[in-house]
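Have a look at the structure below before the remarks.
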Amino acid sequence: MKQLLFFLLLSINSFSQQRPNIIYIMSDDHDADAISAYNKQFIKTPNIDRIAKEGMKFNKAFVGNSICSPARATLLTGQHSHKNGVKDNRTKFDSSKTTIAHLLHDAGYQTSIIGKWHLHSYPVGFDYWRVLPGMGQYFDTRMITMNGDTITEKGYSAEALTADAINWLENRDKNKPFAFFFHHKAPHRNFVPALKYLEEYHSKTFPEPATLYTDTTGRVSAWRMQTMNILLDMRLSGDLKIDPAYLKDIPELKPDAEDVATYNAIMKRMSPDQRQRFEEIYAERGKIIRDKKPKGNELMKYKYQWYMQDYLACIASIDESVGVLLNYLDKNNLSNNTAVIYTSDQGFYLGENGWFDKRFAYDVSMGTPLLIKWPGHIKAGSVSNQLVQNIDFAPTIVDIAGGKIPDWMQGISLKTLLTGTKKVLDRKYLYYHYYEYVRDHTVIPHLAVRGEHYKLIYFYTVNEWELYDLKSDPNEQKNLINNMAYAKTVFELKKELINLRNQYDDHEPAGELH
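What the sequence shown shows, in my numbering, is residues 280 to 793, in sequence order.
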């Protein structure tokens, strides 16, 4: 009897080790163009690229609501915002809900989450968690631990979080497969790089997007009302870290009290030796503004370059972190049995249309990078051009783990795409719904439906529509909604939008679309 029990336990343990480990890495506001596997003109990201090289790169991955908290709730639930209850960055996630953490635990996995949480409630269902309060800080960030204590982790956030990740991997229960969710703060605003990468990037010049100086005249209300324009809305001290002392005598650029407080608070978190070098670099920018007093397009040029320098320098730390994790897997013989996913909570504007931030249903912000490697299951160097969405992430992870995908998840598993047993998904359109208004960037709420060829957007509070031909106009610059040659396309897409609202059980806005 004892011998039978021994072999039974051995069999169970062997089965658990055969199931793949899962590492899900999500950065914050990391646009696909800032990954060299997607676009080589801005930055080299060899470690993130390695995931694409050894696995699959998705060229058409999108989100359903391009903003931080909703994207995280969608990861947990596999549901659109109206179903998981988190429509904006202010809403608290209902921690009584069943999430991917519970499903993985039920499937025999040890689960953990480390890093940005941003759901105004504590994680539930994870065996281990350590999360940033709110957005966290780039230097000496605070962390909330499982016992409810808030501690300060010294040093740069990406490095501190990576150390936490390695520590958990070292001390996990090695008799169980693990599912580890690793969420970076970077490269979220305000962009504060590690000093070594600021040194590397602050003197670089980056190509300007063709639409950096786009005129909003004649565009829909949402274009005219948004407050995410680099020239007009990106603050020199608060966002771009220019010493306020260099701006105080320029009336049109004089920082307000909030900008000064933001700048000082960030600088105080650094060690004195680092602060001195940061101040020297930021002073170089300040002297340009003080001496040249640039305006209009000239000021836009400077602000764009400083933005890109800081943003990309933050991403360099993320790539370094990914390299540390991948090397750990290699050294501990875990690589061959671990699925690694890299993505972001959404895309991000890198000067297109003159903008920064996200929120819109346009491809720049609706899109997100998605790279997955799973040795022995995904063909190295493969590429998918299928339309996928972040509602698919949870069911895919559950499927990889061998768990049962619940009916209440609205996404579909991508496992068949990953393994090559299926090349095409049955779904032909993606649904998008953005809600948050006034606060932050004044983007009007809207619905959208995206297909392979066309995208239809409805700004429903002002009753304005947009139609884009994504093949002839991939930058979405020419609104065809009033072009009678596309009347049939508009009719069909409106019908599809209604069908998707019904399919996903979304009742806002109430009434028929017109």
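For each residue, glycine too, the CB sits at the ideal point set by N, CA and C.
Short CB-CB distance (under 8 Å) between residue i and chain C
i, result
"Lys-637", "The structure shown contains no chain C; it is built from a single protein chain."
Separation of residue j from residue i, as counted between CA atoms
i, j, result
"Ala-311", "Phe-321", "11 Å"
"Asn-338", "Asp-552", "42 Å"
"Ile-736", "Glu-715", "16 Å"
"Asp-784", "Asn-469", "36 Å"
"Ile-594", "Asn-543", "23 Å"
"Thr-675", "Gly-394", "22 Å"
"Asp-642", "Asn-454", "43 Å"
"Met-335", "Lys-533", "48 Å"
"Ala-524", "Ala-680", "55 Å"
"Glu-745", "Asn-758", "6 Å"
"Asp-598", "Leu-776", "38 Å"
"Gly-387", "Tyr-303", "17 Å"
"Ile-529", "Lys-574", "11 Å"
"Lys-371", "Pro-402", "12 Å"
"Asn-458", "Gly-404", "In the sequence on display, residue 458 carries Ala and not Asn. Computed Cα separation, rounded: 12 Å."
"Ala-313", "Tyr-628", "11 Å"
"Val-471", "Met-549", "11 Å"
"Ala-789", "Arg-780", "11 Å"
"Trp-687", "Gln-358", "8 Å"
"Gln-665", "Arg-564", "43 Å"
"Glu-479", "Arg-498", "39 Å"
"Asn-368", "Ile-723", "15 Å"
"Arg-556", "Asp-522", "13 Å"
"Trp-408", "Trp-396", "10 Å"
"Gln-625", "Lys-366", "14 Å"
"Thr-617", "Asn-611", "11 Å"
"Pro-412", "Glu-449", "25 Å"
"Leu-440", "Leu-772", "44 Å"
"Thr-647", "Glu-558", "34 Å"
"Ser-661", "Gly-682", "25 Å"
"Leu-515", "Lys-582", "8 Å"
DSSP state of residue i mapped onto helix, strand, coil
i, result
"Tyr-713", "strand"
"Glu-558", "helix"
"Ser-259", "An answer regarding residue 259 cannot be provided, because it is not within the stretch 280 to 793 covered by the chain."
"Val-722", "coil"
"Asp-748", "strand"
"Trp-634", "strand"
"Thr-462", "The sequence given here has His at residue 462, not Thr. It is a strand residue."
"Val-601", "helix"
"Arg-780", "helix"
"Ser-596", "helix"
"Leu-283", "Since pLDDT at Leu-283 reaches only 45, below the 50 mark, its modelled position is unreliable, and no value is offered."
"Val-403", "coil"
"Glu-470", "Reading the sequence as shown, one finds Phe at residue 470 and not Glu. Here Phe-470 sits in coil by DSSP."
"Leu-666", "coil"
"Ser-614", "helix"
"Arg-729", "strand"
"Tyr-492", "coil"
"Lys-582", "helix"
"Phe-457", "strand"
"Glu-775", "helix"
"Ser-374", "coil"
"Glu-487", "coil"
"Phe-627", "coil"
"Ser-661", "strand"
"Ile-445", "helix"
"Ala-311", "helix"
"Glu-531", "helix"
"Asn-811", "Nothing can be reported for residue 811: it is not among the residues displayed for the chain, which extend from 280 to 793."
"Gln-297", "helix"
"Asn-368", "coil"
Counterpart residues of residue i in DSSP-defined beta bridges
i, result
"Arg-409", "Ile-393 and Thr-424"
"Gln-358", "DSSP, once it has assigned bridges, lists no residue as partnering Gln-358."
"Thr-647", "Note: Thr-647 sits in no beta bridge, so no partner."
"Lys-652", "Val-619"
"Phe-418", "Tyr-435"
"Phe-639", "DSSP lists no partner for Phe-639."
"Asn-758", "In the DSSP output, where bridge partners are listed per residue, Asn-758 has none listed."
"Leu-735", "Val-728 and Leu-746"
"Phe-341", "Gly-646 and Gln-668"
"Asn-508", "Trp-634"
Element boundaries [beta strand (DSSP E), containing residue i]
i, result
"Ala-618", "617-623"
"Tyr-303", "300-306"
"Met-335", "335-337"
Start-to-end residues for the alpha helix (DSSP H) that takes in residue i
i, result
"Thr-429", "From DSSP, Thr-429 is part of no alpha helix (DSSP H) but of the beta strand (DSSP E) over 429-435."
"Thr-675", "672-679"
"Asp-385", "379-385"
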